[in-house]
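Novice: Residue numbers (our numbering): 31 to 423.
Where a beta carbon is used, it is the ideal one built from N, C-alpha and C, also for glycine.
In this text the structure is predicted, and so the values were computed from the model without any measurement.
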């Protein structure tokens, strides 16, 4: 049976990746629209394969490559990153390419060797930012981008074709037949998916992102070929770079409040609705009984304000609210935000105080708080309404 068509995605470059139409949870990240594992063949007298795919697609991957060129013709295999979504097909790929040399950086080779000890028996070449790989008609420059988002991460750049192979950089999780954003029906939807990816994957690494952008600013780029989702070319490259520049400098933050809560008997939900109604800015309600943490992070990503609410249960905040707060803390999405805290209790007024500790330890600023016994009364409503009108401006 013929595979999906193989597309030329740049001068002498073919996409040979795989599309994961059914994946819905990826490392805890909810991928509602699936994903892809993108790999590329650079055609040259010394043919080079850039990145591999998830092992579940290894057979399909090798069949797709063989539609472009005999497996025996590939001389180099570049690994930009060791994480298993890009590397778990590596052992099978090396076994199928009899004349290949693995090319990667020192840290990535160490990680790959721990994950797949068999690779140490194959020819390999360790490169750095100062050691370009000269092919017959192309050259490849390696750009270290440590902690974007692993210590081993790097970009690969082809100056002759002005192509940046960005691995996880500039990616999104989406399964689709298109290969470029300018082929897709809505660039705004892809920007939203990239923001979701940034929030859930790159959140802790804004400083490293800024460094990578400085490097990108020194080279000419006509194509950004990603390892997930759609790639970028033409005017759309500016959209991608602008989003990253804004995120690296916190300029993505807008006058918006994301209200995150879980309610057991309805009172905390009523409080969340009250806050939403009184806030004279854009709001987004996140009911943790119905919304996953991936979307929670997406909306916190561009919010100047957060409001977090929980009832006290078993002397503490609910496990779901605690998980959300710690998830956002780890992603640095509470840091620098203005946070209002609220909650209900019966005999142990503990939830809001627990939330204060988490928010302050995460670098957020608690601008107000209110807890109440069992149910909002008129005084509670007045207090919260006054707080929000005064503090959320």
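Can you tell me whether DSSP reads residue 42 as helix, strand or coil?
Specialist: What you label residue 42 is simply residue 12 of the chain shown in a count that begins at 1. Coil at residue 42, not helix or strand.
Novice: With distance defined between alpha-carbon atoms, name the residue in 151, 177, 148 and 136 nearest to residue 158.
Specialist: Residue numbering aside, residue 158 sits at position 128 when the chain shown is read from its first letter. Residue 158 has its Cα closest to that of 136, out of 151, 177, 148 and 136.
Novice: If contact is defined by three or more beta carbon pairs under 8 Å, each pair taking one atom from either stretch, is the region 280-292 in contact with the region 93-107?
Specialist: Verdict: no, contact absent.
Novice: What are the boundary residues of the alpha helix (DSSP H) that residue 90 is part of?
Specialist: Taking the chain shown and counting its residues from 1, one reaches residue 90 at position 60. Residue 90 -> alpha helix (DSSP H) spans 88-98.
Novice: Which two residues bound the contiguous alpha helix (DSSP H) that contains residue 124?
Specialist: Numbered from 1 along the chain shown, position 94 holds the residue referred to as residue 124. It spans 120-126 - the alpha helix (DSSP H) in which residue 124 sits, taken as one unbroken run.
Novice: Could you tell me which of 389, 88, 202 and 166 sits nearest to residue 328, measuring between CA atoms?
Specialist: Taking the chain shown and counting its residues from 1, the one referred to as residue 328 is at position 298. Minimum Cα distance to residue 328 is reached at 202.
Novice: Among residues of its own chain, excluding the 5 on either side of residue 11, which ones have a beta-carbon nearer than 8 Å to its beta-carbon?
Specialist: Residue 11 lies beyond the residue range present for the chain, which begins at 31 and ends at 423; the question has no answer from this structure.
Novice: What three-state label does DSSP hand residue 48 in the structure shown?
Specialist: In the chain shown, counting from the first residue as 1, residue 48 sits at position 18. Three-state result, residue 48: strand.
Novice: Report the partner residues of residue 73 according to the DSSP bridge assignment.
Specialist: The residue given as residue 73 occupies position 43 in the chain shown. Looking at the DSSP assignment, residue 73 forms no beta bridge with any residue, so it has no partner.
Novice: Identify every residue that forms a DSSP beta bridge with residue 287.
Specialist: What you label residue 287 is simply residue 257 of the chain shown in a count that begins at 1. Looking at the DSSP assignment, residue 287 forms a beta bridge with 313 and 335.
Novice: So residue 47 and residue 83 are in contact, right, with Cβ under 8 Å, and what is the actual spacing, rounded?
Specialist: Taking the first residue of the chain shown as position 1, residue 47 is located at position 17. Taking the first residue of the chain shown as position 1, residue 83 is located at position 53. Contact flag correct, Cβ pair sits at about 6 Å.
Novice: Tell me the DSSP secondary structure of residue 169 in three-state form.
Specialist: Working through the chain shown from its first residue, we reach residue 169 at position 139. It is a strand residue.
Novice: So within the region 187-254, which uninterrupted beta strand (DSSP E) runs reach at least 3 residues, ignoring any that extend past its ends?
Specialist: Entirely contained in the region 187-254, the beta strand (DSSP E) runs reaching 3 residues are, in chain order, 193-197.
Novice: Considering just the uninterrupted stretch of the alpha helix (DSSP H) at residue 274, what are its terminal residues?
Specialist: As a first step, residue 274 must be located in the chain shown, where it is residue number 244. Note, residue 274: alpha helix (DSSP H), 266-278.
Novice: Leaving out five residues on either side along the sequence, give the residues of the same chain with a beta carbon under 6 Å from the beta carbon of residue 226.
Specialist: Translated into the one-based positions of the chain shown, residue 226 becomes position 196. These residues qualify, in order along the chain: 328.
Novice: Compute the beta-carbon to beta-carbon distance between residue 363 and residue 331, rounded to the nearest angstrom, for a pair I have assumed lies under 8 Å.
Specialist: In the chain shown, residue 363 corresponds to position 333, counting from 1. In the chain shown, residue 331 corresponds to position 301, counting from 1. The Cβ separation is near 6 Å, so the contact holds.
Novice: Given this structure, state the Cα-to-Cα distance separating residue 373 from residue 281, to the nearest angstrom.
Specialist: Mapped onto the chain shown, residue 373 falls at position 343. Mapped onto the chain shown, residue 281 falls at position 251. C-alpha separation (whole angstroms): 31 Å.
Novice: Straight-line CA distance for residue 421 to residue 397?
Specialist: Walking along the chain shown from the start, residue 421 turns up at place 391. Walking along the chain shown from the start, residue 397 turns up at place 367. Each residue's alpha carbon lies about 7 Å from the other.
Novice: How about residue 261 and residue 251: are their beta carbons less than 8 Å apart?
Specialist: Start at 1 with the first residue of the chain shown, and residue 261 comes out as number 231. Start at 1 with the first residue of the chain shown, and residue 251 comes out as number 221. No, the Cβ-Cβ distance between residue 261 and residue 251 is not below 8 Å.
Novice: Per DSSP, what kind of secondary structure is residue 184 in: helix, strand or coil?
Specialist: Along the chain shown, read from residue 1 onward, the residue named residue 184 stands at position 154. Residue 184: strand per DSSP, three-state reduction.
Novice: Relative to the C-alpha of residue 322, which candidate in 313, 333 and 355 has its C-alpha closest?
Specialist: Taking the chain shown and counting its residues from 1, one reaches residue 322 at position 292. The candidate whose alpha carbon is nearest that of residue 322 is 355.
Novice: Could you have a look at residue 403 and say whether DSSP puts it in helix, strand or coil?
Specialist: Here residue 403 is taken as the residue at index 373 of the chain shown, counted from 1. Note: residue 403 maps to strand in three-state DSSP.
Novice: Below 8 Å on the Cβ atoms is my contact criterion, and I expect residue 205 with residue 118 to pass it. Report the Cβ-Cβ distance as a whole number of Å.
Specialist: For this step, residue 205 is matched to residue 175 along the chain shown. For this step, residue 118 is matched to residue 88 along the chain shown. No, residue 205 and residue 118 are not in contact; Cβ-Cβ is about 18 Å, not under 8 Å.
Novice: Could you check how far apart the C-beta atoms of residue 234 and residue 360 are, in whole angstroms? I think they sit under 8 Å.
Specialist: Start at 1 with the first residue of the chain shown, and residue 234 comes out as number 204. Start at 1 with the first residue of the chain shown, and residue 360 comes out as number 330. 7 Å between Cβ atoms; contact.
Novice: What three-state label does DSSP hand residue 179 in the structure shown?
Specialist: Mapped onto the chain shown, residue 179 falls at position 149. Residue 179 falls in the coil class under three-state DSSP.
Novice: With burial defined as no fewer than 16 other Cβ atoms inside 10 Å of the residue's Cβ, what is the status of residue 45: buried or exposed?
Specialist: By one-based count along the chain shown, residue 45 stands at place 15. Looking at its Cβ environment, which holds 16 or more other Cβ atoms inside 10 Å, residue 45 is buried.
Novice: Where DSSP assigns a beta bridge to residue 367, which residues make up the other side?
Specialist: Sequence index remark: in the chain shown, residue 367 carries index 337 (1-based). Paired residues: none, contrary to the question.
Novice: Please report whether the beta-carbon of residue 253 lies at a distance below 8 Å from any beta-carbon of chain D.
Specialist: Among the chains in the structure shown there is no chain D, since it carries only a single protein chain.
Novice: According to DSSP, is residue 135 helix, strand or coil?
Specialist: To locate residue 135, count along the chain shown from 1; it is residue 105. Strand at residue 135.
Novice: Who are residue 346's beta bridge partners in DSSP?
Specialist: Position 316 of the chain shown holds residue 346. According to DSSP, residue 346 bridges with 343.
Novice: Within a Cβ cutoff of 8 Å, which residues of the same chain sit near residue 175, ignoring the five residues on either side of it in sequence?
Specialist: In the chain shown, counting from the first residue as 1, residue 175 sits at position 145. 183, 184, 185, 199, 238, 241, 242 and 245, listed in sequence order.
Novice: Sort 220, 236 and 249 by Cα distance to residue 258 and report the nearest one.
Specialist: As a working mapping, residue 258 is identified with position 228 in the chain shown. Ranking the options by Cα distance to residue 258, first place goes to 220.
Novice: Which whole-angstrom value is the C-beta distance of residue 385 and residue 371, which I expect to be below 8 Å?
Specialist: The residue you call residue 385 lines up with position 355 of the chain shown. The residue you call residue 371 lines up with position 341 of the chain shown. 5 Å between Cβ atoms; contact.
Novice: Using a 10 Å radius around the Cβ and a threshold of 16 neighbouring Cβ atoms, would you call residue 367 buried or exposed?
Specialist: If you number the chain shown from 1, residue 367 lands on position 337. Buried, by the Cβ-count rule.
Novice: From residue 264 to residue 408, what does the alpha carbon distance come to, in whole angstroms?
Specialist: Working through the chain shown from its first residue, we reach residue 264 at position 234. Working through the chain shown from its first residue, we reach residue 408 at position 378. Each residue's Cα considered, the two are about 58 Å apart.
Novice: Measure the C-alpha to C-alpha separation of residue 111 and residue 77 and round it to an integer number of angstroms.
Specialist: Numbered from 1 along the chain shown, position 81 holds the residue referred to as residue 111. Numbered from 1 along the chain shown, position 47 holds the residue referred to as residue 77. Cα-Cα distance, rounded: 20 Å.
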